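Residue numbering for the sequence shown follows the working numbering, beginning at 12 and increasing consecutively.
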Amino acid sequence: MNTDPRRNSEGYADPTAYEGLKSIIQEENALDREVNTLIKVLKFIISRSGFELISRIELRDVKTGREYR
Numbered sequence: 012m013n014t015d016p017r018r019n020s021e022g023y024a025d026p027t028a029y030e031g032l033k034s035i036i037q038e039e040n041a042l043d044r045e046v047n048t049l050i051k052v053l054k055f056i057i058s059r060s061g062f063e064l065i066s067r068i069e070l071r072d073v074k075t076g077r078e079y080r
């Protein structure tokens, strides 16, 4: 699978689709960074409080319904 958003599924450059999706891709990347930061902060708080995380942290975005694990 091609992970370059500037190219279509066959590998050819597709600047029109990329320009249309660029803002959505940027929003998703920003949200992913925020979630990663939040999880790191939660793990730090758990550790500093003298506890150990024994299971995964699972989060759901209230606006989008997207789940992070």
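Glycine included, every Cβ here is placed at the ideal spot set by N, Cα and C. Being a predicted model, the structure only gives us computed values, none of them experimental.
Quiz item: Since Glu63 and Glu69 are thought to touch, with beta carbons under 8 Å apart, how far apart are those beta carbons, to the nearest angstrom?
Solution: Contact flag wrong, Cβ pair sits at about 17 Å.
Self-check item: Inter-residue spacing [alpha-carbon to alpha-carbon] between Ala28 and Gly22
Solution: 13 Å
Quiz prompt | Nearest-angstrom Cα separation, counted from Ile35 out to Ala41 | solution = 10 Å
Quiz item: Excluding five sequence neighbours on each side, which residues of the same chain lie with their C-beta closer than 8 Å to the C-beta of Lys33?
Solution: Pro16
Quiz item: Tyr79 by DSSP, collapsed to three states: which one?
Solution: strand
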